[in-house]
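Protein chains: 2
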Amino acid sequence: MKILVIEDEVKVGAFIKRGLEEHHHQVDVYTDGMKGQQAALEQDYDLILLDLMLPGINGTTVCRNLRALEIPVPILMLTALNATQDIVEGLNAGADDYLAKPFHFSELIARINALSRRKSHFHQEQAVLTFADLQLNTHTKTASREGQEIVLTAKEYALLELLLRNTGKVLSRALISEAVWGLEFDTGTNTIDVYVNYLRNKIEKGFTGEKLIHTVVGMGYVMKQK
Amino acid sequence: MKILVIEDEVKVGAFIKRGLEEHHHQVDVYTDGMKGQQAALEQDYDLILLDLMLPGINGTTVCRNLRALEIPVPILMLTALNATQDIVEGLNAGADDYLAKPFHFSELIARINALSRRKSHFHQEQAVLTFADLQLNTHTKTASREGQEIVLTAKEYALLELLLRNTGKVLSRALISEAVWGLEFDTGTNTIDVYVNYLRNKIEKGFTGEKLIHTVVGMGYVMKQK
DNA sequence: ATCGATTTTAATCCCGCTTTAATGCCCGCC
DNA sequence: GGCGGGCATTAAAGCGGGATTAAAATCGAT
């Protein structure tokens, strides 16, 4: 598993890293809350170990931020012994479990296993939508093709996600309109067409891969190959 | 779920009713085929349990009638053991599954669950319309015959879908005009004829399969075999 | 409040779907 | 046999849907 550790005490962080690596996990350690949060957003971690007592930004805040951005990674809090108030706060902020310091390493391993099992069962929404050589990360809200990262605006992303969740199906403008813009949007303008054009420019123009968004005249648009 | 039971043997009916009610379903029992059919039309059932051996009207007939009236409720037939002929007839009449008497109650429950799941998920609406060896996929908006994909324009697709949803019925030009083009289209031109010709070229010409779109002089067009 | 980015509107161009219309064919009827 | 009605077939005209572009309006951050 790929694990992110956010822990300001360098020794403790190193200790955890070493121990987890012995269990064949890949571990990144950040001592700074903001840097850690950034990493959580940019990379695709399977688990986050989060110390609540951090300099600068509070661990609870990091947790709340990640959940607000709908990052569903399991979060295991590390707290001082008997910090009942912190524990309650942390769980309310969206953490999945906690562990009081100091702890036995075997207990940490046990909780990590339990958590990842629990999460992988419950929350198995596909994080990365893939079609042909195009990928869309629903966490980072970015696409990529041929290793190139593609930055999208909100509407572009929503439209691309809709197309990718319905590959092969012809989607009518009415359906697209409702899904991306919300009910009763059609005011005789061609907004959808313009956005399809934007998307094509971003995910097709400049790439050697084939055309993916196809127009079906009089019917709508499809995401398909060939 | 709201379940309709049509079963002439009073004891069997009562037995089923009691058992289903223990599983928190709401059950109506009719011992008469005609009365049962009437109830099916008037009320909104989630499932129909239909005995094939009924006094007066045949269970198969009830089934066929309901399907002819486009009542899409899942129908589970109850048949005598080894009544293979009945089973085939029943399924052809539009039933979704069958259960041979006598049966274990747990099997009945299992089949009811499977059926309701299948219907609610899949049945959304039939995605692929099939007639003879011709298929029309309403998602991809393409037809296929003998494994060959056939690309259609918007009007061609609308016309073909109309014909396939009314196989066997003769459709007047007025009706076609209204369904495909919208009200009051007829302005003395022969657009419909031209499109029927386009369709014939695409789905009949070049295929070994038989003719499917037939002209009824003075009346309109039908999709049928023979 | 200001500036940049995003979203929406609007105008123009072009391809090919849609429609029209002319011709050919089959059949029944005078 | 000639004629006309109903449909099939074909080709050409027109028109509308969609691509593209740019400008206007709106949003959001500082």
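Keeping their order, the protein sequence lines are chains A and B. With positions in the first sequence counted from 1, the corresponding number in our numbering is that position plus 395. With positions in the second sequence counted from 1, the corresponding number in our numbering is that position plus 395. Built from N, CA and C at the ideal position, the CB exists for glycine as well.
If you measure from the beta carbon of residue i to each beta carbon in chain A, is any gap under 8 Å?
i      : result
B/N586 : Reading the sequence as shown, one finds Thr at residue 586 of chain B and not Asn. Not an interface residue.
B/A549 : yes
B/H516 : Reliability fails at B/H516, whose pLDDT of 43 lies under 50, so the model's placement of it is uncertain and the value that follows must be treated cautiously. No, its Cβ sits nowhere closer than 8 Å to a Cβ of chain A.
B/Q519 : Only weak support exists for where B/Q519 lies, its pLDDT of 47 falling under 50; the value from the coordinates is given anyway. Chain A, which has no Cβ nearer than 8 Å to the Cβ of B/Q519, makes this no.
B/L399 : no
Do we get a CB-CB distance below 8 Å when we pair residue i with the residues of chain B?
i      : result
A/K606 : no
A/V394 : Here chain A covers residues 396 to 621 and nothing more, so residue 394 of chain A does not appear.
A/G583 : no
A/M614 : yes
A/V591 : no
A/V565 : yes
Using the DSSP secondary-structure output, state which residues sit across from residue i in a beta bridge.
i      : result
A/L399 : A/D423, A/I443
A/I608 : A/M618
B/V523 : B/N532
Assuming residue i contacts residue j (C-beta within less than 8 Å), just tell me the rounded distance between them.
i      : j      : result
A/F500 : A/G408 : Not really, about 14 Å apart at Cβ, beyond 8 Å.
A/L503 : A/L494 : 6 Å
A/L471 : A/D492 : 5 Å
B/V468 : B/A434 : Going by Cβ atoms, the distance from B/V468 to B/A434 rounds to 11 Å, so no, they are not a contact pair.
B/L547 : B/T537 : 7 Å
A/L566 : A/L558 : 7 Å
A/H420 : A/I401 : Their Cβ separation, rounded to whole angstroms, is 15 Å, which puts A/H420 and A/I401 out of contact at 8 Å.
Please list, in chain order, the residues of the stretch 533–549 of chain B that have any C-beta partner in chain A closer than 8 Å.
Legend: CB atoms of the stretch 533–549 of chain B lying less than 8 Å from CB atoms of chain A belong to residues H534, T535, K536, T548, A549.
What beta strand (DSSP E) runs, 3 residues minimum, are completely inside the stretch 525–590 of chain A?
529–532, 537–540, 543–545
Taking only runs that begin and end inside the stretch 424–495 of chain A, name each unbroken alpha helix (DSSP H) of 4 or more residues, in chain order.
428–437, 454–463, 479–487
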